[in-house]
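Let me begin by presenting the structure, written as structure tokens, before commenting on it.
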Amino acid sequence: MAKGNMPIHVTKRLDDESRMRAVLLRIAAVILAIAVGGLFFAALGFNPFEVYGELIKGAVGTTMARRMTVRLCVPLLITSLAVGLAFKMRFWNIGAEGQIGIGAIAASYIALFHSEGMPKVVVLILMAVAAFVAGGLYGVIPAYFKSKFGTNETLFTLMLNYVAFYTIQALAQGTWKDPTAWGFPKIARFSSNAQLPMVLGVHVGWIVALALVLLVYLYMNKTKQGYELSVVGENENTARYAGMNVRKIVIRTMFISAGLAGLAGMLQASGADKTLTESIANNVGFTAITVAWLANLNPGAMVIVTALFCILTKGSDTIQSVYNISPAAAEVFQGIILFFVLGSEFFIRYKVHFAGFISKKEGGKVK
Numbered sequence: 038m039a040k041g042n043m044p045i046h047v048t049k050r051l052d053d054e055s056r057m058r059a060v061l062l063r064i065a066a067v068i069l070a071i072a073v074g075g076l077f078f079a080a081l082g083f084n085p086f087e088v089y090g091e092l093i094k095g096a097v098g099t100t101m102a103r104r105m106t107v108r109l110c111v112p113l114l115i116t117s118l119a120v121g122l123a124f125k126m127r128f129w130n131i132g133a134e135g136q137i138g139i140g141a142i143a144a145s146y147i148a149l150f151h152s153e154g155m156p157k158v159v160v161l162i163l164m165a166v167a168a169f170v171a172g173g174l175y176g177v178i179p180a181y182f183k184s185k186f187g188t189n190e191t192l193f194t195l196m197l198n199y200v201a202f203y204t205i206q207a208l209a210q211g212t213w214k215d216p217t218a219w220g221f222p223k224i225a226r227f228s229s230n231a232q233l234p235m236v237l238g239v240h241v242g243w244i245v246a247l248a249l250v251l252l253v254y255l256y257m258n259k260t261k262q263g264y265e266l267s268v269v270g271e272n273e274n275t276a277r278y279a280g281m282n283v284r285k286i287v288i289r290t291m292f293i294s295a296g297l298a299g300l301a302g303m304l305q306a307s308g309a310d311k312t313l314t315e316s317i318a319n320n321v322g323f324t325a326i327t328v329a330w331l332a333n334l335n336p337g338a339m340v341i342v343t344a345l346f347c348i349l350t351k352g353s354d355t356i357q358s359v360y361n362i363s364p365a366a367a368e369v370f371q372g373i374i375l376f377f378v379l380g381s382e383f384f385i386r387y388k389v390h391f392a393g394f395i396s397k398k399e400g401g402k403v404k
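Going by the numbering used here, the residue at position 147 of the sequence shown is 184; the numbering climbs one at a time, nothing skipped.
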């Protein structure tokens, strides 16, 4: 046997390779994740079948549970659409958390100081427009510096998250502090005039989210602007050779991407929280990155992946209380699910080649 290491080569799979294989790999990953998760719960002393039954029941087993799960889906789905647009252009928008926060701040300004005396529908429209524009402009900042000076958008957008977070914190402790809160640093609850109406027991944001899925799909696949952002994502030099204004496309796409995240902030503040809180984003911006990639940046697939994520999240909260499982253990279970599902995506998109042993007798041929 020849000395040396056994090399491992990773190559990208062709786009036209079997879709059925991809489906089977994903199904196998889910089955393995459930099996390993079951072993984890068994090791903790619980019956895995009972735990899984309670998880499903806690997420979709009752009308109230379903409503809570749908409410979780609204900001996550919209934010997944937002980051998906940027990722399609190969612009790594890691700042959706901050864009949600800035959108919520703009919407809250309208709700707190300009909602009295106006029709409810006008107030809500103004809040939505303010949130979209504020979030969009917040996203334009890193887009401009990236297209003009070549700055790293990953770090830029990530750092802007903290600016938005501490701005909300400063407002809650300062000029927007609720004087009736007995000294607690919180912002006043919105008036009924600035709260989203309910449809089927959930705020109207779920209808907005589904409408945006259709709009983003049409934008990405049926418009000139969607085609341009795809070309820029594939190769900027090709886009320039074709006469496209790359800087304009980058800034326009990031405005829309961040604007959608800002709109998610408005829906969360007005529909779910009824006020502006420091936890308005609640890690949705980061979770949306995983959702967008698992859905392969497909808006329709994001609906399914978002629903599964929210069922897992809501169900995990339920089993924590029912079985007195620690939050850390519930997070380990979620990590197991993600490990297998994300791992399957690697094998779907790439091939791993292992070189054989090299035999001296066979003249160094790889077997």
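Glycine residues also receive a C-beta, built at the ideal position from the N, C-alpha and C atoms.
| Query | Result |
| --- | --- |
| Any 3 or more C-beta pairs closer than 8 angstroms across the region 115-129 and the region 321-331 | yes |
| Proximity of alanine 207 and alanine 218 at Cβ, strictly below 9 angstroms | no |
| Runs of alpha helix (DSSP H) wholly within the region 45-133 (minimum 4 residues, chain order) | 56-80, 85-97, 100-125 |
| Beta-carbon spacing of alanine 79, phenylalanine 377 below 9 angstroms | no |
| Within 9 angstroms, strictly: CB atoms of isoleucine 317 and alanine 306 | yes |
| The region 284-303 in contact with the region 163-181 per 3-pair CB rule at 8 angstroms | yes |
| Alanine 301 vs valine 283 beta-carbon contact at 9 angstroms | no |
| Contact between the region 155-162 and the region 229-237 (3+ Cβ pairs under 8 angstroms) | yes |
| C-alpha distance - leucine 92 paired with threonine 188, whole-angstrom precision | 44 angstroms |
| Assumed close pair glycine 308, isoleucine 137 - CB separation to whole angstroms, cut-off 8 angstroms | With 8 angstroms as the limit, glycine 308 and isoleucine 137 do not qualify as a contact, their Cβ atoms being about 13 angstroms apart. |
| Phenylalanine 391 classed as buried or exposed, judged by whether at least 16 other C-beta atoms fall within 10 angstroms | exposed |
| Through-space distance from lysine 388 to threonine 116, alpha-carbon basis | 31 angstroms |
| Terminal residues of the alpha helix (DSSP H) in which phenylalanine 323 lies | 321-331 |
| 8 angstroms Cβ shell around aspartate 354 - same chain, five flanking residues per side excluded | Gly95, Ala367 |
| Threonine 268: first and last residue of the uninterrupted alpha helix (DSSP H) it sits in | Checking the sequence shown, residue 268 turns out to be valine, not threonine. Element bounds for valine 268: 261-271. |
| Counterpart residues of isoleucine 224 in DSSP-defined beta bridges | Lys214 |
| Sequence-distant residues of its chain with Cβ nearer than 6 angstroms to alanine 167 (five each side left out) | Ala143, Ala144, Ile147 |
| Beta-carbon gap between valine 73 and isoleucine 373 smaller than 9 angstroms | yes |
| Methionine 303, buried or exposed, once every other Cβ within 10 Å from all chains shown has been counted against 16 | buried |
| Own chain residues within Cβ distance below 8 angstroms of valine 268, not counting five before or after | Thr275, Ala276, Ala279, Met281 |
| Lysine 125 to valine 170 span [Cα, whole Å] | 21 angstroms |
| Check whether phenylalanine 384 and leucine 113 have beta carbons under 9 angstroms apart | no |
| Alpha-carbon to alpha-carbon, glycine 242 and valine 236 | 9 angstroms |
| Neighbourhood of arginine 103 by C-beta, 6 angstroms cutoff - its chain only, sequence neighbours within 5 removed | Val97 |
| Beta-carbon gap between leucine 297 and leucine 122 smaller than 9 angstroms | yes |
| Valine 239 (DSSP reduced to helix, strand or coil) | strand |
| Threonine 260, buried or exposed, once every other Cβ within 10 Å from all chains shown has been counted against 16 | exposed |
| Alpha-carbon spacing of leucine 379 relative to alanine 59, whole angstroms | 13 angstroms |
| C-alpha distance - valine 200 paired with alanine 209, whole-angstrom precision | 14 angstroms |
| For histidine 390, the residue or residues it bridges with in DSSP | His46 |
| Assigned secondary structure, alanine 295 (DSSP; H/G/I helix, E/B strand, else coil) | helix |
| Buried or exposed (CB count within 10 angstroms, at least 16 for buried), isoleucine 205 | buried |
| Rounded C-alpha distance that separates arginine 50 from isoleucine 64 | 19 angstroms |
| C-beta contact flag for alanine 248 and cysteine 110 at 9 angstroms | no |
| Beta-carbon proximity of tyrosine 203 to proline 336, cut-off 9 angstroms | no |
| Environment of phenylalanine 86 [buried if 16+ CB atoms lie within 10 Å] | exposed |
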